[in-house]
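Here is the structure we will look at, set down as C-alpha cells.
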C-alpha cells in the first residue's frame, strides 16, 4: 500500500506571496492532519480534516488555511508569506477511528 | 495548556539499552505516541499506548502510566541506525476520533560504537 505523498517536496517563495501544498493520504484513510516543524518550535499542529470538515485546529493565524476533497486529498494554503513561515510542513493521515497517524515526507518551504 | 517534556539529548553505546522518558500535562488525553525521526526525514511511527502498561514490539517497548502523566520508550540492543530523534506525542482533540497530536521537543539519541 502506498504511503502518504506530498507535493511539492521543496519550494522557495518570497515574502508576501502565497503557497499551496498538497497531500494525498494512504488509501482508505479519511483523516488528514497538517503540522509545521521548525528547529525552534518543533512539531506544531496546524489543523485536521476528516470527511472534508475541519475537525481540529491549532494556534496559527488565519493566513494558514486548508481544505479536504471528497477523495480525502488535502491542500494547505499559506497567504502573505513571512520569513518565519520557512519550515518543513508535514502531512499525516489516519483512519480517523484509531489514533495512529502516518507522516508523509514533507514539503520544505523557504521564504526569502 | 499543553506541556510535554522529554530530555533533549542522550548518548548510548551500540548494543546497550536506552530509556527515553516523557512526562505530560495536557487537557484531554486519547493516547500517547512515539515516533522516530532521522535528520531530514519525516517521523515514522513506533508505538501507541492508550492504556496503562507496557507494549513491546521487537527491540522497542513503550510504557504508559496515565495517573502519573508519564511514558517511556525503551530501545534495546542499540544499533548505529537508531541514532535519531525520538518524539513523544499526546493525542487530544474533539470527540473520540480526534487526531490532534501535541509533540514534545524530541530527544536526540546518539549511538556510539
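Residue numbers (my numbering), protein chains in the order written: chain E, 1 to 112; chain B, 113 to 225.
A virtual CB, placed ideally from N, CA and C, is assigned to each residue, including glycine.
Residue 11 (chain E) - DSSP class collapsed to helix/strand/coil: The residue labelled residue 11 (chain E) in the question sits at position 11 within the first chain. Residue state, collapsed to three classes: strand.
Which of helix, strand or coil DSSP assigns to residue 83 (chain E): Along the first chain, read from residue 1 onward, the residue named residue 83 (chain E) stands at position 83. In the structure shown, residue 83 (chain E) sits in a helix (DSSP, three-state: H, G or I).
Residues near residue 224 (chain B) by beta carbon distance below 8 Å, same chain, minus five either side: Position 112 of the second chain, counted from the first residue, corresponds to residue 224 (chain B). Only 123, 124, 125, 126 meet the Cβ criterion.
Contacts of residue 196 (chain B) in chain E (Cβ-Cβ under 7 Å): What you label residue 196 (chain B) is simply residue 84 of the second chain in a count that begins at 1. Within chain E, no residue comes near residue 196 (chain B); the closest Cβ sits about 14 Å away, beyond 7 Å.
Neighbour list for residue 154 (chain B) in chain E, Cβ cutoff strictly below 7 Å: Counting from one through the second chain, the residue named residue 154 (chain B) turns up at place 42. Chain E residues near residue 154 (chain B): 90, 103, 104, 105, 106.
Under 7 Å from the C-beta of residue 45 (chain E): neighbouring residues of chain B: The sequence position of residue 45 (chain E) within the first chain is 45, counting from 1. Here the neighbours are 212, 213, 214.
Closest residue to residue 211 (chain B) among B:141, B:120, B:172, B:153 (Cα-Cα distance): Reading the second chain from its first residue, position 99 is the one you call residue 211 (chain B). When only C-alpha atoms are compared, the closest one is B:141.
Neighbouring residues, chain E, relative to residue 218 (chain B) (Cβ below 7 Å): Within the second chain, residue 218 (chain B) is the residue found at index 106, counting from 1. Within 7 Å Cβ-Cβ: 42.
Separation of residue 19 (chain E) from residue 166 (chain B), as counted between CA atoms: The count along the second chain starts at 1 and reaches residue 166 (chain B) at position 54. The count along the first chain starts at 1 and reaches residue 19 (chain E) at position 19. Cα-Cα distance, rounded: 43 Å.
C-beta neighbour in chain B for residue 62 (chain E), strict 7 Å: Taking the first residue of the first chain as 1, we reach residue 62 (chain E) at position 62. Not one chain B Cβ lies under 7 Å of residue 62 (chain E).
Collapsed DSSP secondary structure at residue 169 (chain B) in the structure displayed: Counted from its first residue, the second chain places residue 169 (chain B) at position 57. Residue state, collapsed to three classes: strand.
Segment contact flag, the segment 130–141 of chain B with the segment 44–54 of chain E, C-beta cutoff 8 Å, min 3 pairs: no
Stretch-stretch touch, CB-based, cutoff 8 Å, three pairs: the segment 193–200 of chain B with the segment 141–151 of chain B: yes
Contacts that residue 172 (chain B) makes with chain E (C-beta to C-beta distance below 8 Å): Along the second chain, read from residue 1 onward, the residue named residue 172 (chain B) stands at position 60. None at all; the shortest Cβ gap to chain E is about 15 Å.
Euclidean distance between Cα positions of residue 65 (chain E) and residue 36 (chain E): To locate residue 65 (chain E), count along the first chain from 1; it is residue 65. To locate residue 36 (chain E), count along the first chain from 1; it is residue 36. Using only the alpha carbons, I get a separation of about 13 Å.
Backbone CA spacing between residue 92 (chain E) and residue 7 (chain E) [nearest angstrom]: Translated into positions along the first chain, residue 92 (chain E) becomes position 92. Translated into positions along the first chain, residue 7 (chain E) becomes position 7. Looking at the two C-alpha atoms, the distance is approximately 13 Å.
Cβ neighbour criterion (16 or more within 10 Å) applied to residue 192 (chain B): The sequence position of residue 192 (chain B) within the second chain is 80, counting from 1. Exposed.
Chain B contacts from the segment 4–21 of chain E (Cβ-Cβ distance under 7 Å): none
For residue 134 (chain E), the first and last residue of its enclosing beta strand (DSSP E): The first residue shown for chain E is 1 and the last is 112, placing residue 134 (chain E) beyond what the model contains.
Residue 136 (chain B) at chain E interface by Cβ criterion, 7 Å: On the second chain, residue 136 (chain B) is found 24 positions in, with the first residue counted as 1. Residue 136 (chain B) does not count as touching chain E.
Within chain B, the residues that residue 100 (chain E) reaches when beta carbons sit closer than 8 Å: In the first chain, the residue the question calls residue 100 (chain E) occupies position 100. In chain order: 145, 157, 160.
Residues near residue 13 (chain E) in its chain [Cβ-Cβ closer than 8 Å; skip 5 each side]: Your numbering for residue 13 (chain E) matches position 13 in the first chain. The residues are 19, 81, 109, 110, 111, 112.
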